[in-house]
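Before any comments, here is the structure.
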Amino acid sequence: KPATGDRPPRREGDRREPGAAKPWGAKPATGDRPPRREGDRREPGAAKPWGAKPAAGDRPPRREGDRREPGAAKPWGATAPARARPDRDAPQADAAPRRRRERVAGDSPPPRSGRVGPGTPPVPAEASPPQAAPRADGLVRVSKLLAEQGLCSRREADQYIERGWVFANGERVTQLGTRVVPDTVLRLDRHARAARVRLATVLLNKPVGHVSGQPEDDHPPAIVLVRPENLWDESPAAPGSDEPRFDPAHLRGLAPAGRLDIDSTGLLVLTQDGTVARQLIGADSDVDKEYLVRVEGEMVEGGLALLNHGLELDGVPLRPAQVEWLNDDQLRFVLREGRKRQIRRMCEMVGLRVTGLKRVRIGGVMLGDLPIGRWRYLGPDEGF
921 KPATGDRPPR REGDRREPGA AKPWGAKPAT GDRPPRREGD RREPGAAKPW
971 GAKPAAGDRP PRREGDRREP GAAKPWGATA PARARPDRDA PQADAAPRRR
1021 RERVAGDSPP PRSGRVGPGT PPVPAEASPP QAAPRADGLV RVSKLLAEQG
1071 LCSRREADQY IERGWVFANG ERVTQLGTRV VPDTVLRLDR HARAARVRLA
1121 TVLLNKPVGH VSGQPEDDHP PAIVLVRPEN LWDESPAAPG SDEPRFDPAH
1171 LRGLAPAGRL DIDSTGLLVL TQDGTVARQL IGADSDVDKE YLVRVEGEMV
1221 EGGLALLNHG LELDGVPLRP AQVEWLNDDQ LRFVLREGRK RQIRRMCEMV
1271 GLRVTGLKRV RIGGVMLGDL PIGRWRYLGP DEGF
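Counting the sequence shown from 1 gives a position; the numbering used here is that position plus 920.
This is the structure in structure tokens:
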């Protein structure tokens, strides 16, 4: 930049007259802007030149016809005036009525979902989406109907439906959750029937010291006894076989269908078949179980009648039972329910103490000569 004394003096002809055009790129000097002429000021309401911004006082006054009535539609493209926000420190009771009044004026309702801020009134019940009416057409799921008819369990039914092995009135069912009328004729495909034939049900003579289900206090589960060396020689043929041969696949999903106390011995059923489990331990099970019970002590007067009917456990009455003396120290129990330690607790209520308990029958299946600690397959001609 030139020093202060290096700039040449301004010549007289360099100064432009007021209103004269500036050379291209030149910036006007402070005093070069021409004064505003009287005709430059626009009258109120006159159109502005294109691109010009209105001065602070140039906005025309609102005319009487410009004000909209509450609820009237705004002209297309008009911008709604900014809604006055209540003071954030104001109490919520003051904010809620104000917002309700604004919605009455025709504004959009609040969103149905999302975070609700302070003072936001609850959405009225009529604004909620309609709920599905409870099903009243009497239809039931195919899987439930299959289980009720004893064709398979509900879990097995879902597997068969996914594979297309189920027919309803002759039509193949492939969609889970399909519903039909209760009198629909259901049929399983030959593949499903073959799969069911291979399901194993095992009868075990459980010894004392083994638990029926999961291990407890270092006591082993009864299922550990289901191994080749413990298979009874007189066992019926294995499912899908012509001889009593152990198949490791029969351990997959094998579970006890019922309990037998750790201090008890006798017949315990383990099965892969959901229909067998439902038959034995389902809510509507009516299969009776027979026990031989060795006792000691002096029975109270009328104790035998109470054992047959009249006792309750944990405030719940027991179903009628069949109880009789076999000899001086042995009772025979036939029950249609299986409450925890039921027989032992029943005997305590009438003054007896159980010293030995053995289950000898479940439905139509007998323990028979099965040695203790050994197991066998359920025969094809046996049923509970």
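Ideal placement from N, C-alpha and C gives every residue a C-beta, glycine not left out.
From a predicted model like this one, the values you see are computed outputs, not experimental measurements.
Buried versus exposed call for residue i [16 or more other C-beta atoms within 10 Å across all chains shown]
i       : result
Arg1294 : buried
Gly1288 : exposed
Glu1210 : buried
Leu1272 : buried
Asp1234 : exposed
Asp1176 : According to the sequence displayed, residue 1176 carries Pro and not Asp. Buried, by the Cβ-count rule.
Arg1116 : buried
Gly1178 : buried
Ala1114 : exposed
Val1270 : buried
Ile1292 : exposed
Val1196 : buried
Arg1172 : exposed
Arg1239 : exposed
Arg1296 : buried
Val1062 : buried
For residue i, the three-state DSSP class (helix, strand or coil)
i       : result
Met1286 : strand
His1139 : strand
Gly1258 : coil
Gly1084 : coil
Val1062 : helix
Ala1197 : helix
Leu1231 : coil
Beta-carbon contacts of residue i that lie in its chain and below 7 Å, excluding the five residues immediately before and after
i       : result
Asp1162 : none
Leu1180 : Lys1126, Ser1132, Gly1186, Leu1188 and Arg1279
Arg1118 : Pro1159 and Gly1160
Trp1085 : Leu1108, Asp1109, His1111 and Ala1112
Leu1059 : Arg1099, Val1100 and Val1101
Short CB-CB distance (under 7 Å) between residue i and chain C
i       : result
Pro1240 : Among the chains of the structure shown, chain C does not appear; only one protein chain is present.
Selection from the options that minimises the alpha carbon distance to residue i
i       : options                               : result
Ala1067 : Phe1253, Arg1198, Met1266 and Pro1148 : Arg1198
Gly1223 : Ala1175, Gly1129, Met1266 and Asn1150 : Met1266
Asp1204 : Ala1114, Arg1061 and Gly1070          : Gly1070
Leu1151 : Leu1123, Pro1176 and Gln1242          : Leu1123
Ala1169 : Glu1232, Ala1120, Lys1126 and Glu1257 : Ala1120
Leu1212 : Ser1184, Leu1200 and Asp1153          : Ser1184
Glu1244 : Gly1058, Arg1061 and Val1254          : Val1254
Arg1259 : Asn1247, Leu1246, Asp1153 and Val1236 : Val1236
Thr1191 : Gly1058, Phe1304, Val1060 and Leu1059 : Phe1304
Beta-carbon contacts of residue i that lie in its chain and below 6 Å, excluding the five residues immediately before and after
i       : result
Gly1276 : Arg1214
Glu1302 : Val1285
His1130 : Pro1140 and Ala1142
Arg1264 : Val1274
Ile1201 : Ala1177 and Gly1178
Inter-residue spacing [alpha-carbon to alpha-carbon] between residue i and residue j
i       : j       : result
His1078 : Val1100 : Going by the sequence as given, residue 1078 is Asp instead of His. Roughly 15 Å between the two C-alpha positions.
Ala1157 : Gly1284 : 19 Å
Met1219 : Leu1174 : 41 Å
Phe1087 : Gln1095 : 11 Å
Val1189 : Pro1135 : 17 Å
Ile1182 : Glu1232 : 23 Å
Ala1112 : Arg1281 : 30 Å
Leu1251 : Leu1145 : 29 Å
Ala1241 : Ala1225 : 10 Å
Asn1228 : Pro1300 : 34 Å
Cutoff 8 Å; reference residue i; Cβ partners in own chain excluding five residues on either side
i       : result
Leu1065 : Val1100, Pro1102, Thr1104 and Leu1106
Arg1075 : Gly1194
Phe1166 : Arg1147, Pro1148, Leu1151 and Ala1158
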